[in-house]
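Undergrad:
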Amino acid sequence: MLVLSSRQQRVRANTRPESNSTTIGLLAGSGRFPILFAEAARRQGLQVACVGIRYEASDELRDLCASYESIGVSKLGGMIRSFRRQGARQIVMAGKVTKNVMYTPWRFVQLWPDYRMIHMWYRTCRADKRDDSILLGVIAEFERDGMSFASALDYCPELLVKEGILTRRGPSAAELKDIEFGWGLAKEMGRLDVGQSVAVKEQATLAIEAIEGTDRCIERAGHLCRAGGWTLVKVAKPQQDMRFDVPTIGTATIENLHQARARVLAIEAGKTIVIDQPEVVELANRYGLTIVAIPDGSLPR
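136 is the number of the first residue of the sequence shown in the working numbering; add one for each residue after it.
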């Protein structure tokens, strides 16, 4: 490991731009969450310095952010240097990053990771490639350069869903049993850092989310349950770090559930992001879907 002398450390520190307390860094993946965060930060008078993950982040962020750079997902050192150039010392993560790129053929050549990513991967993730381990390893690399991570939800807490039945239709007694059954299973999958979603029909497990993500889990459940009428339970991990990988749904989730003939979506109140909630609820009502938000430990009996 490279060790800098005290003089080298002073020189490096003196060459860094001063941190601006009104600047917040945004490490952006795909979806609308990064866009909603940037809009909320601007309303609060903050300058958003954005590093968008190449092929993931929306081009809309270029106009919303005070500064913007697009960097490949495996260029960890490039991300750190970019935030340093932009004067951001506090960073948030928002948006989805496609995980299965880790298993593409010739992945090293295609992704071409930089030194910081290789160092982090072999030092931190070689023996443990679960989501939390990878993301905590990324955060640790930023912290080595004096940067810290906060939760994006500290700036837009209104995105977290509140307790209650969101749709016109509530769950039936049989569906409540499926929710209770799926809830415990989903929490255990979260504890193991496997996934956050479980599809259930008549207290039997149809599909469990893993690296493929929620949408593909929904699709698989639809293939396996042609009769429809099943329930998706999506919860936070028991050890959920609200700085990253917070459960999120949006209109695309509802469209996918409808296509797969699902009937109920149960989510965790206070720990699930609902993007464009009025549109989500309107769409669910149109399709006759039930959405219920339940605090952990308060499952209906």
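Every residue, glycine too, gets a C-beta built ideally from N, C-alpha and C. Please read these numbers as outputs of a predicted model, since none were measured by experiment.
Give me, in chain order, the residues of the same chain whose beta-carbon lies closer than 6 Å to that of Leu181; leave out the 5 immediate sequence neighbours on both sides.
TA: Thr157 and Ile159
Undergrad: Which complete alpha helix (DSSP H) runs does the stretch 367–418 hold, if anything under 4 residues is left out?
TA: 386–394
Undergrad: Quick one: what does DSSP say Val227 is sitting in, helix, strand or coil?
TA: strand
Undergrad: From Glu204 to Thr349, what does the alpha carbon distance come to, in whole angstroms?
TA: Whole-angstrom Cα-Cα distance: 28 Å.
Undergrad: Taking the straight line between their C-alpha atoms, what separation do you get for Ser217 and Asp328?
TA: 30 Å
Undergrad: When you compare each of Gly330, Pro373 and Ala362 to Cys352 by their alpha carbons, which one comes out closest?
TA: Gly330
Undergrad: Based on Cα-Cα distance, which residue from Ala321, Ala229, Ile170 and Arg398 lies nearest to Asp380?
TA: Ala229
Undergrad: Under three-state DSSP, which class holds Lys297?
TA: coil
Undergrad: Please identify the residue among Lys210, Leu171 and Glu315 whose C-alpha is closest to the C-alpha of Phe277.
TA: Lys210
Undergrad: Please report how far the alpha carbon of Trp241 lies from the alpha carbon of Asp313, in whole angstroms.
TA: Confidence at Trp241 is low in this model, with a pLDDT of 41, below 50, so the placement of that residue is unreliable and no value is reported for it.
Undergrad: Can you name the residues that DSSP bridges to Gly166?
TA: According to DSSP, which records beta bridges pairwise, Gly166 is partnered with nothing at all.
Undergrad: Alpha carbons only, please: which of Ser268, Gly272 and Asp267 is nearest the one belonging to Met255?
TA: Gly272
Undergrad: Threshold first: 3 residues or longer. Then list the beta strand (DSSP E) segments lying entirely within the stretch 242–317, N to C.
TA: 283–285
Undergrad: Does the Cβ of Lys447 have 16 or more other Cβ atoms within 10 Å, making it buried, or fewer, making it exposed?
TA: Residue 447 cannot be examined here, being either before or after the span of the chain that is shown, 136 to 436.
Undergrad: Is the separation between the beta-carbon of Leu171 and that of Ile226 shorter than 7 Å?
TA: no
Undergrad: How long is the line joining the alpha carbons of Asp267 and Glu417, rounded to whole angstroms?
TA: 33 Å
Undergrad: Take the Cβ of Pro430 as the centre, count every other Cβ of all protein chains shown within 10 Å, and call the residue buried at 16 or more, exposed below.
TA: exposed
Undergrad: Taking all protein chains shown into account, do 16 or more other C-beta atoms lie within 10 angstroms of the C-beta of Tyr290, making it buried, or fewer, making it exposed?
TA: buried
Undergrad: Starting from Ala356, follow the alpha helix (DSSP H) in both directions and report where the run begins and ends.
TA: Thr349 to Leu359
Undergrad: Could you tell me the distance, in whole angstroms, from the CA atom of Ala321 to the CA atom of Leu367?
TA: Put simply, the backbone Cα of Ala321 is about 10 Å away from that of Leu367.
Undergrad: In this structure, how does DSSP classify Glu204 when only helix, strand and coil are distinguished?
TA: strand
Undergrad: For the candidate residues Gly164, Ala285 and Val208, whose alpha-carbon lies nearest to that of Ile253?
TA: Val208
Undergrad: Going by C-alpha distance, which of Met214, Glu315, Leu295 and Ala345 is nearest Ile274?
TA: Met214
Undergrad: So the alpha helix (DSSP H) Gln221 belongs to, where does it begin and stop?
TA: Leu211 to Gln221
Undergrad: Would you mind working out which of Ala173, Ile269, Gly385 and Gly299 sits nearest Asp198, comparing C-alpha positions?
TA: Ala173
Undergrad: Need the endpoints of the alpha helix (DSSP H) that Leu196 sits in, please.
TA: Leu196 to Leu199
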